[in-house]
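Reviewing the structure listed below.
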Amino acid sequence: MNAITLNRRGLFRASAAAAVALSIPVALPARGQAARNGDALTAYLRIAQDGSITLITPVTEMGQGTHTAHVMLIADELGVPMSAVKTVRVGQPSEPMRRPPGEQSTGGSTGTRAWVVRLRTAAAQAREVLTEAAARRMNVPVVELKAEDGAIVHAASNRSIPIGSLVREAAALPLPEKPTLRPTAELRLVGRSQPRIDIPAKVTGRAVFGMDFKVPGMLYACARLAPVYRAELDSFDKSSIDGIKGIVDVVPLPRGVAVVAENAWAAIKGAEAIAIRFKSTPHDSLDSAAFSQRMIAALDDETRAVAKNEGDVEAVLKGAARTVEAIYEVPYLAHACMETDNATAQVTNGGVTVWAPTQHQDWALAEAARAAGVDPAKVTIHTTLLGGGFGRRYAYEVVGQAVTVARAVNRPVKLFWRREDELAQGYYRPAQVARMKAGLDADGKLVGFWFRAAGPSTLAEFRPTVIRENGLDPQHVASVADSRYRFGAFRADWVRVDGPPRNWIWRSVGASQNGFFLEAFLDEVAHAAGKDPYRFRRELLAHDERALKVLDLVAERAGWGTPLPEGRARGIAYMESYGSLCAEVAEVSVGQDGVRVHRVVVALDCGDIVNPDGVEAQLMGGVAQGLSAMLGEAITLKNGAAEQRNFDTYQILRIDRAPTVETHVIRSGQGWGGVGEPGVPPLAPAVANAIFAATGRRVRRLPLTAEGLGV
């Protein structure tokens with residue numbers, strides 16, 4: 005299909021006229037690397053003469069439902085049914101597909117909120133040039149026309165023209181720089197629940213995830229990685245797997261080898277059986293107990309990085325009528341995606357092509373270019389569906405491995421990790437400890453609070469440029485240093501304690517552990533003050549009407565203070581992350597079979613929403629993942645290696661332990677906040693606080709299995 009591309013700098017016409025498509029981009033300020041092949045812009049939206057519409061979405065779909073939200077935005081602005089819009093996942097990074105800091109990636113709960121204005125603007129530009137074309141053909145004023153039901157309609161004369169038949173004329177018109185967006189009253193889809201467009205293909209098995217993708221003549225390569233963190237390959241004996249039918253080759257990798265075979269099963273068997281040796285490391289004897297002690301000892305290290313310091317917190321604490329102090333701890337966590345890490349690569353004389361379930365197209369492209377030793381302009385990236393992301397798919401190592409193996413065997417290769425390596429050599433949310441001190445006056449009012457965390461840095465490898473000049477990794481004070489609570493005198497700081505595992509972002513990142521630290525400890529402070537935990541939080545948020553609405557809503561809908569069945573208790577928590585305010589109440593019982601969470605009520609203010617059904621699903625997913633991590637998930641170290649190698653030892657939440665989840669969303673109109681991550685941070689403290697209410701026992705260390713409270 006020949007395309008006519010419109011942008012605010014001019015009009016470019018295709019030479020052929022057999023078929024025409026209207027392609028609408030949004031011009032953005034230049035940032036980051038130049039787009040591939042020197043193209044300044046890439047269209048989001050294409051409209052063909054048959055009226056079909058293609059949205060080239062910049063966001064990776066990993067189950068969060070953003071493609072549905074994007075289609076809703078486009079369909080509403082254009083005045084077409086959702087069924088008229090199909091999506092194409094863009095893989096090749098280009099300027100319109102990037103967001104700050106100049107990268108094409110999906111994370112940080114930005115999949116919808118970062119693109120609302122851009123996508124609506126693109127659709128509004130298309131609508132206005134189509135309407136102008138219709139006005140000229142009908143010889144009527146533009147103001148008398150309306151785009152609806154896939155046509156431009158002139159109600160006064162009962163005439164309409166399908167938008168597809170207007171494409172050729174619209175493509176000859178200048179594109180408006182500042183189109184008028186439809187008023188809220190005209191939106192038929194946005195703000196109303198719509199079915200997910202990706203679900204049917206997933207139910208029928210037609211959906212193509214990274215592990216499903218195939219290239220003719222493709223080989224399979226299974227990685228076998230070192231059991232000890234940071235250990236490098238020493239040697240391997242290829243002849244040790246000569247008896248396995250289908251083995252093609254063994255290719256060395258920095259942390260192990262890839263066994264290449266004609267089919268996946270042979271590759272797996274070869275990876276499991278190959279005789280291999282790894283070099284020793286300085287931490288071959290490290291275990292979790294010793295590392296925990298290192299982190300706790302670091303809490304007394306004065307070489308800390310200060311994030312916030314308001315008032316003389318030390319003096320206030322010394323003069324307080326009562327002080328409360330506690331140390332909390334969380335373990336390393338794996339992402340435990342259902343689909344293990346994988347990528348498919350093909351290397352030819354003309355360049356490199358990669359098909360990968362990635363959250364970061366720019367990083368994947370750069371890694372492929374590095375591994376192949378070619379200019380990035382010679383690399384093409386295609387993004388498949390993801391069988392789980394949670395931050396894990398920002399990692400690009402597997403792309404380099406796939407390209408390395410494809411070069412070595414001179415054939416297309418799908419490289420994948422076994423579950424054992426995914427868990428034991430993956431990328432973790434770092435272990436962390438926090439010591440908190442609070443001071444109360446004679447009336448039980450909080451007058452001072454000191455938060456100090458210690459542990460490995462999340463961003464040192466993930467995004468080192470974000471580390472501040474004083475050494476602070478801001479993720480380790482996230483949602484604490486910037487809390488809406490008024491603590492009185494307040495200090496938040498952090499001490500870095502490096503460990504061997506590779507640390508990475510994990511759903512809600514620093515807020516996930518800090519939610520547990522802060523909100524469980526504030527419950528301790530509330531009880532020390534002799535105050536109801538909900539009322540105590542209201543005191544700390546009395547100045548903030550928006551936060552109070554969220555807190556009050558969750559308390560009301562959960563029936564805070566009303567009687568419960570015998571043996572049950574409630575706990576409450578409030579956290580802000582990713583621009584959204586979220587509060588949760590957990591209803592819990594503790595019996596011989598451990599902790600059971602029966603009901604979780606969630607209140608969220610994310611400013612505004614596109615698809616309520618998608619918001620509800622994301623909050624439910626956040627509760628489930630937060631509870632799973634709290635109950636039994638942990639990566640523990642022994643002799644420098646992870647003890648957990650599969651789901652028999654890395655305990656994921658089972659469906660019979662899943663609670664009923666009720667969601668209540670406030671559309672405050674106060675800017676777009678995230679949805680995918682804010683539901684995680686309040687869950688663990690709400691459950692921990694309910695456990696105390698039920699048993700009088702404080703939970704200061706996770707997971708609950710480590711405290712004898714798990715399943």
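Heads up: the sequence shown runs through residues 5 to 715, numbered per our numbering.
A virtual CB, placed ideally from N, CA and C, is assigned to each residue, including glycine.
What you are looking at is a predicted structure, and each value in this text was computed from that prediction instead of being measured.
Any idea what DSSP makes of I670, helix, strand or coil? To locate residue 670, count along the sequence shown from 1; it is residue 666. In the structure shown, I670 sits in a strand (DSSP, three-state: E or B).
Where V252 and T348 are concerned, what is the direct C-alpha to C-alpha distance, given to the nearest angstrom? Within the sequence shown, the letter at position 248 stands for residue 252. Within the sequence shown, the letter at position 344 stands for residue 348. About 17 Å.
What is the rounded straight-line gap between the Cα of I280 and the Cα of V254? Locating residue 280 in the sequence shown gives position 276, where the first residue counts as 1. Locating residue 254 in the sequence shown gives position 250, where the first residue counts as 1. One C-alpha to the other measures close to 11 Å.
Taking the alpha carbon of G563 as the reference point, which residue from A590, E580 and G583 has its own alpha carbon closest? On the sequence shown, position 559 is the one that residue 563 refers to. Answer by Cα proximity: A590.
Taking the alpha helix (DSSP H) that S632 falls in, what are its first and last residues? Along the sequence shown, one-based indexing puts residue 632 at 628. Residues P616 to L635.
Near W454, what residues of its chain come up, given a Cβ to Cβ distance below 6 Å and the 5 sequence neighbours on each side ignored? Locating residue 454 in the sequence shown gives position 450, where the first residue counts as 1. Excluding residues within five positions, the ones whose Cβ falls inside 6 Å are V317, K441 and R495.
In the DSSP assignment, what residue or residues form a beta bridge with C226? Along the sequence shown, one-based indexing puts residue 226 at 222. Partner(s): V263 and F420.
Taking just the CA atoms, how far does G519 sit from M579? Position 575 of the sequence shown, counted from the first residue, corresponds to residue 579. Position 515 of the sequence shown, counted from the first residue, corresponds to residue 519. In this structure, the straight-line span from the alpha carbon of M579 to that of G519 is close to 6 Å.
Between the alpha carbons of A230 and E236, how many angstroms are there, rounded? By one-based count along the sequence shown, residue 230 stands at place 226. By one-based count along the sequence shown, residue 236 stands at place 232. Distance between the alpha carbons of A230 and E236: 7 Å.
What do you get for T664, buried or exposed, if any count of 16 or more other CB atoms within 10 angstroms of its CB means buried? Indexing the sequence shown from 1 puts residue 664 at position 660. That one is exposed.
Return the first residue and the last residue of the alpha helix (DSSP H) that H74 is part of. Translated into the one-based positions of the sequence shown, residue 74 becomes position 70. Residues T70 to L82.
Assuming V513 and T462 form a contact by the criterion Cβ under 8 Å, report the distance between their Cβ atoms to the nearest whole angstrom. For the purposes of this step, residue 513 is identified with residue 509 of the sequence shown, where counting begins at 1. For the purposes of this step, residue 462 is identified with residue 458 of the sequence shown, where counting begins at 1. Right, their Cβ atoms sit about 6 Å apart.
Taking the alpha carbon of G250 as the point to measure from, which residue in N693, L257, K273 and S296 has its own alpha carbon closest? The count along the sequence shown starts at 1 and reaches residue 250 at position 246. Residue K273 is the option with its Cα nearest to G250.
Going by beta carbon distance, what residues of the same chain come within less than 6 Å of Q328, once the five residues before and after it are set aside? The count along the sequence shown starts at 1 and reaches residue 328 at position 324. One detail in the question is off: residue 328 reads as Val in this sequence, not Gln. The answer, listed in chain order, is A442, E528, V529 and A532.
Bridge partners for Q436 per DSSP, in chain order? Sequence index remark: in the sequence shown, residue 436 carries index 432 (1-based). Answer is V334, bridged to Q436.
Residue interval of the alpha helix (DSSP H) (run including S516): Residue 516 sits at position 512 when you count from the first residue of the sequence shown. For S516, the uninterrupted alpha helix (DSSP H) segment begins and ends at G514 to A532.
What does the alpha-carbon distance come out to for the pair Q674 and A551? For the purposes of this step, residue 674 is taken as residue 670 along the sequence shown, with counting starting at 1. For the purposes of this step, residue 551 is taken as residue 547 along the sequence shown, with counting starting at 1. If I take the Cα positions, the gap works out to 12 Å.
Taking T111 and Q363 to be in contact with their CB atoms under 8 Å, please state how far apart those CB atoms are, rounded to whole angstroms. As a position in the sequence shown, residue 111 is number 107, starting the count at 1. As a position in the sequence shown, residue 363 is number 359, starting the count at 1. Before going on, a small fix: residue 111 reads as Gly here, not Thr. Yes, they are in contact, since the Cβ atoms of G111 and Q363 sit about 6 Å apart, within 8 Å.
Closest to E588 by C-alpha separation, out of H386, L193, A690 and W508, would be which residue? For the purposes of this step, residue 588 is taken as residue 584 along the sequence shown, with counting starting at 1. When only C-alpha atoms are compared, the closest one is A690.
Tell me the DSSP bridge mates of C586? Residue mapping note: residue 586 aligns to position 582 of the sequence shown, counting from 1. M579 and L608.
Rounded to a whole number of angstroms, what is the C-alpha to C-alpha distance between T61 and A573? Position 57 of the sequence shown, counting from 1, holds the residue named residue 61. Position 569 of the sequence shown, counting from 1, holds the residue named residue 573. So the alpha carbons of these two residues sit roughly 45 Å apart.
Residues in its own chain within less than 6 Å of M299 by CB, not counting five upstream and five downstream? Stepping through the sequence shown from its first residue, residue 299 is reached at position 295. For M299, where only same-chain residues beyond five positions count, the Cβ hits under 6 Å are V437, A458, G459 and V501.
Report the rounded CA-to-CA distance for M86 versus G95, giving the unit in angstroms. As a working note, residue 86 is residue 82 in the sequence shown. As a working note, residue 95 is residue 91 in the sequence shown. In this structure, the CA atom of M86 is about 23 Å from the CA atom of G95.
For N693, three-class secondary structure by DSSP: Within the sequence shown, residue 693 is the residue found at index 689, counting from 1. It is helical.
Classify F295 as helix, strand or coil using the three-state DSSP reduction. To locate residue 295, count along the sequence shown from 1; it is residue 291. Judged by DSSP in its simplified three-state form, F295 adopts helix.
Cα-Cα separation, R716 to R506: The question about residue 716 has no answer, for the chain in this structure spans 5 to 715.
Identify the residues that DSSP records as bridge partners of I251: which are they? The residue you call residue 251 lines up with position 247 of the sequence shown. In DSSP, I251 forms a bridge with A265.
Note down the Cα distance separating G714 from A688, rounded to an integer number of angstroms. In the sequence shown, the residue the question calls residue 714 occupies position 710. In the sequence shown, the residue the question calls residue 688 occupies position 684. G714 and A688 have their C-alpha atoms spaced approximately 13 Å apart.
Helix, strand or coil, according to DSSP, for Y648 in the structure here? Position 644 of the sequence shown, counted from the first residue, corresponds to residue 648. The sequence given here places Gln at residue 648; Tyr does not occur at that position. Q648: coil per DSSP, three-state reduction.
Helix, strand or coil, according to DSSP, for T362 in the structure here? For this step, residue 362 is matched to residue 358 along the sequence shown. In the three-state reduction of the DSSP assignment, T362 falls in the coil class.
Quick one: Cα of I613 to Cα of V63, how far? By 1-based counting over the sequence shown, the position of residue 613 is 609. By 1-based counting over the sequence shown, the position of residue 63 is 59. Rounded to whole angstroms, I613 to V63 spans 17 Å at the Cα level.
Does the segment 630-646 come close enough to the segment 696-711 to have 3 or more Cβ pairs within less than 8 Å? Output reads yes: the segment 696-711 touches the segment 630-646.
Helix, strand or coil: how does DSSP classify K441 here? Within the sequence shown, the letter at position 437 stands for residue 441. K441 falls in the strand class under three-state DSSP.
Which term fits D477, buried or exposed, when burial requires 16 or more other beta carbons within 10 angstroms of its beta carbon? The sequence position of residue 477 within the sequence shown is 473, counting from 1. With 16 or more Cβ atoms within 10 Å of its Cβ, D477 is classed as buried.
According to DSSP, simplified to helix, strand and coil, what is E681? Stepping through the sequence shown from its first residue, residue 681 is reached at position 677. E681: coil per DSSP, three-state reduction.
Helix, strand or coil: which one does DSSP assign to N41? Position 37 of the sequence shown, counted from the start, is the residue given in the question as residue 41. Caution is warranted here: a pLDDT of 28 is assigned to N41, below 50, making its placement in the model unreliable, and the coordinate value is therefore given only provisionally. Correct three-state label for N41: helix.
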